[in-house]
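Keeping their order, the protein sequence lines are chains G, U, W, R, D and A. So that you can map any letter, position 235 of the first sequence is 235 in our numbering, and since no number is skipped, the others follow by simple counting. Add 1000 to a position in the second sequence, counting from 1, and you land on the number used in our numbering. Add 2000 to a position in the third sequence, counting from 1, and you land on the number used in our numbering. Add 3000 to a position in the fourth sequence, counting from 1, and you land on the number used in our numbering. Add 4000 to a position in the fifth sequence, counting from 1, and you land on the number used in our numbering. Add 5000 to a position in the sixth sequence, counting from 1, and you land on the number used in our numbering.
Protein chains: 6
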Amino acid sequence: MTRADGRANDELRPTKITCGVQTFSEGSVLIETGLTRVLCAVSIEDKVPRFLRGSGQGWITAEYAMLPRATLTRSPRERTPRGRTQEIQRLIGRSLRAAIDLERLGERTFTVDCDVLQADAGTRTAAITGGYVALYQAIAALVDERRLPDMPIRAAVAATSVGIVDGERLLDLCYGEDAGAQADFNVVMTADGEFVEVQGTAEGMPYSRRALDDVLSLAEQGIGQLIDIQRDAIARIAPA
Amino acid sequence: MTRADGRANDELRPTKITCGVQTFSEGSVLIETGLTRVLCAVSIEDKVPRFLRGSGQGWITAEYAMLPRATLTRSPRERTPRGRTQEIQRLIGRSLRAAIDLERLGERTFTVDCDVLQADAGTRTAAITGGYVALYQAIAALVDERRLPDMPIRAAVAATSVGIVDGERLLDLCYGEDAGAQADFNVVMTADGEFVEVQGTAEGMPYSRRALDDVLSLAEQGIGQLIDIQRDAIARIAPA
Amino acid sequence: MTRADGRANDELRPTKITCGVQTFSEGSVLIETGLTRVLCAVSIEDKVPRFLRGSGQGWITAEYAMLPRATLTRSPRERTPRGRTQEIQRLIGRSLRAAIDLERLGERTFTVDCDVLQADAGTRTAAITGGYVALYQAIAALVDERRLPDMPIRAAVAATSVGIVDGERLLDLCYGEDAGAQADFNVVMTADGEFVEVQGTAEGMPYSRRALDDVLSLAEQGIGQLIDIQRDAIARIAPA
Amino acid sequence: MTRADGRANDELRPTKITCGVQTFSEGSVLIETGLTRVLCAVSIEDKVPRFLRGSGQGWITAEYAMLPRATLTRSPRERTPRGRTQEIQRLIGRSLRAAIDLERLGERTFTVDCDVLQADAGTRTAAITGGYVALYQAIAALVDERRLPDMPIRAAVAATSVGIVDGERLLDLCYGEDAGAQADFNVVMTADGEFVEVQGTAEGMPYSRRALDDVLSLAEQGIGQLIDIQRDAIARIAPA
Amino acid sequence: MTRADGRANDELRPTKITCGVQTFSEGSVLIETGLTRVLCAVSIEDKVPRFLRGSGQGWITAEYAMLPRATLTRSPRERTPRGRTQEIQRLIGRSLRAAIDLERLGERTFTVDCDVLQADAGTRTAAITGGYVALYQAIAALVDERRLPDMPIRAAVAATSVGIVDGERLLDLCYGEDAGAQADFNVVMTADGEFVEVQGTAEGMPYSRRALDDVLSLAEQGIGQLIDIQRDAIARIAPA
Amino acid sequence: MTRADGRANDELRPTKITCGVQTFSEGSVLIETGLTRVLCAVSIEDKVPRFLRGSGQGWITAEYAMLPRATLTRSPRERTPRGRTQEIQRLIGRSLRAAIDLERLGERTFTVDCDVLQADAGTRTAAITGGYVALYQAIAALVDERRLPDMPIRAAVAATSVGIVDGERLLDLCYGEDAGAQADFNVVMTADGEFVEVQGTAEGMPYSRRALDDVLSLAEQGIGQLIDIQRDAIARIAPA
C-alpha cells in the first residue's frame, strides 16, 4: 500500500514550528503539519483556580477551537464546546501539565489557546506539540525577566497519532486515513521516552494486543522526531 | 502493600449483576461493584440519527449521570453535561456499539441510560459491563418477539480500570486508590480477548512502556472474569 | 366501579418506606407506593441562602427529577428543569419546611434530593412522605452527635393524591386513573390533622363545593395511614 | 382589625376592566385592581400544538411577565421564566381553557399575553379575570366575521385571592397583606359557581379544615362580583 | 407624494409625553408618537458597575423590550436579547449618558427601562426622547430630597428618525414608510444643536453625500420640536 | 499634533490584502492594517434563509469573532455573541450585501467568516474591506465554473474609521487613538463614492455639524485608497 501523499507508513508529514507569530501574546507558535495549521498562544495571569489558591503552585490549562472554515466544509461556531472539544481541551491541558513542574511556576495560570486555522487531522496532537513550544517561550521570558529563578521544565512533551488502516500500521494520519481507520490512537510522550497519555479507540473493529504493541512503537519513533523539531524551534527563539 | 479493603492487587471487587430491575424498560440491569451501583436501562425507538436514515442499520447511544448524592458529598445536578460526562457517554456508546453488529439491528436506536446511584470509582467501566447485559436483554426480547431474526451480537464487551499506585499495579481501583494513582487506565475488551478501547492517563508521573504492558495484562485477566459474571446474569434472564 | 388494581375507592396502594438505603447520605429513604419508587437523599451544608445569613435559622430545600426511563416510554433528561418540575420542587420544599421548626435547625441547609426511579403517578406526594422520613433520619443523627440539642420537629407531614374519576372520588390515584381524572388534588397534611397545602385542579370539568368536601375527607383518611407508616419506618432507624 | 386601605374583610379592591386598549391585538384588556394593573392581549394563530394536530380542536395558552419596575423595587427581566412564572402561566392557561369549549374553537391557538404593568399582589388572579374578557373579545370577533358559527363559551371564569392574616379571613389581598399571610389561596371559579382551581398554601402555619371552609366561602362571594364586572365590560365591547 | 397619514415630509407625528405614570418608579414617562407607545421607567441603585467603583461617578444604562403583541403580529418574548435589541439598548444608554454629567451624579446607577407597549416604528428614538424626561424626573427628585446639590444636566437630548423613501426625504417614519425606505437614519442631538449619534443605513441603495446632508437638516428641525415637547412635559412635573 | 506612529492625520496605516490564504475555503483573504490582522473566509451553501426560499435570490451573511489573544490581554471566548459582536456582524453583512446584486446570485448563501487574528482597532472596517475581496474571489470562481453567467457586482465596498481626538480629525484610528476619541465614526462606501453606512458616536462630547462634515470628507479620501488596494489584490487572484 502506498499512502495517498506518497509517504512511507512510518513517515511523519512535513512539520514546521514558527515561534513568536503573535505580537501581544507571552508565547505563540504556528505549527504546520501537512495542511494542518494550529496557532498556539499563551496568556499568563497572576492567579490560580480556587483549588490551588495559597498553594504556591501554578496551573496550565488549554482551550481548543476551530475556525468555522478550517475544514473542507464549514462547521458552525460552537457556542458551548461540544463533548469532543472538551475532551480535546482536557487532553491538551493534562499533557502540557505533565511537561512542567507546576510547583516551581508560582501562583500563575498559563492559558494555552490552540486555534485551528486549517484542519487535515492531527489537530489535537499538533496543538500539544506546538503548545509545548509556546509555553516554553512564555516561561523563558519570565526567567529572562527574573520573575522565575529557572526553567521549571520536567521534560518536553510531544504527540502524534497512529492508526490501523486496511490492516496497515500508519504514523501521523491525514484526514482521509483517519476517516477510514479501523482503530486510531493518540499518543503523548516525553523527551525521556515515557508515556503521558495513550488513547486507542477501535472505531470499526477491535484490535489485538500485538497490533497495539506495533502502533505504540511507531508512535515512539515519530514523537522522537517531533521532539527534535521542537528543540530546533526553541533554539531559534530570540533572547528577550 | 495491602489494599485498603484487603484485596490482592489482581483482585476485582465483589461484582453482582441483577437483570430486569425496572418494570417499564426494554432491558435493565443493576450492577454493583463494591459500593459502586449503576442502574442501566435500555429504551428502543424505531428511528435512527439522521446520518443513518435509510441505511437499514441501527444505532446505540448511551447517557450517563450521577444522582447528586451518589458521592461522599453532594454534587449539583449537571444542567449541560460537563466535559467529563460527555467523554464518559461517548466511551460507553462506542464500547457498546463494538459489541453489536449494527447492520443487523434494523433502523432502531437503543439508548442505554446509565444512572449512577452510588459512586466509589469505576462507574464508567461498570456502566459498560452492566450496559452490555441490559442491551442483551432488550435485543433478546426483540428476537423472542420475532422482530429480529437472530441475535446480532459480535462479542460481549466488558470493562475495568487498572492503575499504578505507589508503584504497584492494581486491578479495579476504588475511590481512595483512584484519587492517589500515578496513572490510571480504563480498558474495554471483547470476550474474544481483543481491545475496544485503551485510555491511559498519567495523572502525576509519566509511565514506562513496561508499566503499560503490565497493567494491560492485569486488565485482560479482570475483564475475563467480568465476562463470566455477565454470562451468568444473562443465563438467569427469564425467557419472554 | 372497581379500580383497575382491585382497590376500594378509599384504599391506598401498598406503601413501603425503607430508611438508610444510601451509604454516603446523611438521611436516605426508598419509598415504594405501588409501582412508584422514589429515592430521597438528604445532604446537609453548614450554610444558608443569602436571605437567612446571620439569622441563626436553617433552611430546607428539595430537588426532584425522574430517571429518563422511570416512565412507560423514555423522556429526555431535563437540562433546565421545566415548569412542572419546578412547581413540584417548590411544593416539596414548602411541605417539608412546614414540618420543621427552622429556627431550631441552626444555620444549616438540608437539601432533599427526590429522584424518581420508577413513576406510576403520585411521585410528588411520595417524595413528600418519604422525604420527611429521610429528613428525620438526618436531623436525628445531628441530635445523636449532639450538634443539635433536641429534635426541632413541629409535626410530621405526609401527602397523597385524591381525584374525581368518572364521578367517583378516589384515594391515591395510579397513572391510569390520574390520566383520566376530571379533577385531581394533591393534599399535604400534618400529623395534627391540619392542612399544609391543597391543590385542586379541574383538568376536564369544574367541580362542585360538595365534591371538594368529599375528596378532602378522603385525603384526611389516607394521610392518617401514611403518617403511621412513617412512624414505623422511623422506629426502625438504627440509633447512630 | 381594620385593613390598611380601610376595606372590610370581605371587600374587593376597586376593579376596572377596559377592553380594546391595544390597536393590533385581536382582543385586549387593561384590568386594574387597586394599584395592580395587568395588560392582557390575545393573539390567534391558525395552528395548534403537535398533540392536537388533526383533532379539529383549538388551544388556549398564556404567558405572564412583569415589567421590571412593576414592583416597589426593580426586578431584573427574566430570561428563562422562573419556576414561579411558569407556575402562574400554567394556572392562567388551565383556567382560561376551562371557560371555553375547545372542540368548538377550530384548529386555532389563542395566546393570552398577560403583562403586569404594576403589581400590588393579585396579579395572577387579575390576569385570569381580565384574560377571560380579552379572550371573549377575540372569539366574538371571529363569530362576527363568521369564522366561527357561535360562541364556544362554557362559562365565564374569574379568580381572586383570599388569605388568613393574623387569624382574620380576608378577601383580595394587597401586597402588604399577602406578604404577612399565614396562608393564602388562589381560587378560580366559573359563573356557574363551580371550582376550576383551588390552591391553598400555608406559608407560615398549617390551617384547619374550618378555616379552609371559611376562605372558600369568601372567595365564592368575591368571584361572584368579579363575574358581574366582566359582564359589564363585555357589554361595552363595540360590535365589530 | 402625500404620506399615508397625510403629513408633510418634514412633519413629526403627534407626540405626547406624560410624566409620572407609574406609582413605584423614581421617574416614569409614557411617550406616544402616532401609534407608537413606550413606557420609560427609571430605577436608581446606590452602586455602580465595577469599572466605576470608587470613582465618585454615576452611570446610566437602558433596557429595551417589546410586549409580544406590541406589533401587528405577535413576536415571541426574547429570552436572550437579540442583536437588534442589544444594539438599541446600547444606543439609548449612550444617548442618555451624553445628556448628563456623570461625575456629578454620585455613585448611583440609573436604569431606564423602555418597554414598548405598541410599535409603529420609531420606538428607539421615542425611548430616547421619553427616557430623557423620565431621567430628569428621577434626578430632580434627588435634588428635591437634597441628595444631590443641583441638576447635573449637560443638555437635553432627543432623537428622531429620518429616511429616504422613493427618493423623498421624510421626517419621523411610521412603520409602512420605514419598511420601504431606501435608507434610514436615527439621529440623536442635544438641545444645543450638536450631534450625539448619527446612524445611517442604506437598506436598499447607497445614498449620496447630498442626500445625507438633506436628511441631517430634516432631523435637526424635528429634534428641535421634540426638545420643546420635552420642556413642556418637564414643566408639568409636580414639585416633590 | 503628531500621531503616535508618525502618520499624518489623513494617512491610512499600511494595508495589505492577501488572497487565497486558506486551502478549503471558496474565497479567503488575510487583510493586514497596521497590527490589525483579519482572516476572511467565504463558504457557499446552496440554500437561503426561509424568507428567501423560492425567490431565486441569494443571501450574504457575516460572522465576526476574535481569537482570545488577539488583544493586548486575553479575552474569554464568547459563547453567545455579545451585543457588540452582533452589531459588528450585522454591519459587515449589510455592507457586503450592498456590493452585490443578490437577485443575480442564485439561491445561495455566502457566509463570510471574519476572524480577527490580531486587533489594533479598525477590525470591523478591515473585515468589510477584506471580506469584499474574499467574496469577489468566491463569486468569480462560480463564474469560472459557469455556475453563474456573469459577475453580479454592483460596486466594490470598503470601509474605514475616522475620529475626533483632542479636536483633531484623524483617519484610520489605531487602538490608542480609538480609546481616547471624543467621537468616532465607521464609514462604509462604494467605489462610486456613495455611502452605505455612516455610524458616528460621540463617546465623550457631542460634535458639531461642521466636524461631521470634516470627518466624512476624510473617510471619502481614505476609502478611495482602500478601493485601489482591493483592486490590486483582485488583479492578483489566479484564474481558476
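Using N, Cα and C, we set each Cβ at its ideal position, and we do this for glycine too. Since this is a predicted model, take the numbers as computed values, not measurements.
Proximity test, Cβ basis, 9 Å: residue i and chain R
i                  : result
Ala4070 of chain D : yes
Arg4074 of chain D : yes
Val4133 of chain D : no
Beta-carbon proximity list for residue i, same chain, < 8 Å, skipping 5 on both sides
i                  : result
Asp5184 of chain A : Ser5161, Val5162, Gly5163, Ile5164, Leu5173, Asp5178, Gly5200, Thr5201, Glu5203
Pro1076 of chain U : Pro1068
9 Å Cβ cutoff met for residue i and residue j
i                  : j                  : result
Thr2123 of chain W : Tyr2207 of chain W : no
Leu1117 of chain U : Leu1067 of chain U : yes
Leu216 of chain G  : Arg1210 of chain U : no
Gly3058 of chain R : Val3048 of chain R : yes
Val4187 of chain D : Gly4130 of chain D : no
Ile31 of chain G   : Val133 of chain G  : yes
Arg154 of chain G  : Ala98 of chain G   : yes
Arg108 of chain G  : Asp46 of chain G   : yes
Asp120 of chain G  : Thr36 of chain G   : yes
Leu4148 of chain D : Leu4105 of chain D : yes
Gly2083 of chain W : Arg3090 of chain R : yes
Ile2237 of chain W : Gln2086 of chain W : no
Gly5176 of chain A : Ala5004 of chain A : yes
Leu2218 of chain W : Arg2169 of chain W : yes
Residues that residue i bridges to, as DSSP identifies them
i                  : result
Cys4114 of chain D : D:Cys4040, D:Tyr4064
Ser3028 of chain R : R:Ala3041
Leu2170 of chain W : W:Gly2163
Lys1047 of chain U : Answer is none; Lys1047 of chain U lacks a bridge partner.
Met4189 of chain D : D:Ala4158, D:Phe4195
Gly2200 of chain W : W:Phe2185, R:Val3198
Thr4109 of chain D : D:Glu4045, D:Trp4059
Thr1018 of chain U : U:Leu1030
Ile4100 of chain D : D:Ile4153
9 Å Cβ cutoff, residue i in contact with chain U
i                  : result
Pro206 of chain G  : yes
Val196 of chain G  : yes
Arg2077 of chain W : yes
Below-9 Å beta-carbon distance, residue i vs any chain A residue
i                  : result
Glu3966 of chain D : Nothing about residue 3966 of chain D can be read from this structure; chain D reaches only from 4001 to 4240.
Leu216 of chain G  : no
Ile4227 of chain D : no
Close beta carbons around residue i, own chain, < 6 Å, minus the five adjacent residues each side
i                  : result
Ala5240 of chain A : Unreliable placement is indicated for Ala5240 of chain A, whose pLDDT of 45 sits below 50; no coordinate value is reported for it.
Ala2126 of chain W : Ile2031, Thr2033, Thr2036, Val2038
Thr1018 of chain U : Leu1030
Minimum Cβ-Cβ distance from residue i to chain D less than 9 Å
i                  : result
Val5021 of chain A : no
Ala3240 of chain R : In this predicted model, Ala3240 of chain R has a pLDDT of only 45, less than 50, meaning its place in the structure is not dependable; the value taken from the coordinates is given anyway. Answer no: the Cβ-Cβ gap between Ala3240 of chain R and chain D never drops below 9 Å.
7 Å CB neighbourhood of residue i in its chain, flanking five on each side removed
i                  : result
Ser2025 of chain W : Ala2041, Val2042, Ser2043
Val1196 of chain U : Ser1095, Ala1098, Val1157, Val1188, Met1189, Thr1190
Contact with chain W by residue i, beta-carbon distance below 9 Å
i                  : result
Thr1033 of chain U : no
Leu3212 of chain R : yes
Which residues of the stretch 4097-4120 of chain D have a Cβ closer than 8 Å to any Cβ of chain R? Give them in chain order. When CB distances to chain R are screened at a threshold of 8 Å, the residues of the stretch 4097-4120 of chain D falling below it are Thr4111, Asp4113, Asp4115, Leu4117, Gln4118, in chain order.
Using a beta-carbon distance cut-off of less than 8 Å, what residues from the stretch 2078-2090 of chain W approach chain B? Of the protein chains in this structure, namely G, U, W, R, D and A, none is chain B.
For the stretch 1159-1184 of chain U, enumerate the residues whose C-beta is nearer than 8 Å to any C-beta of chain W, in chain order. Of all residues in the stretch 1159-1184 of chain U, none places a beta-carbon less than 8 Å from a beta-carbon of chain W.
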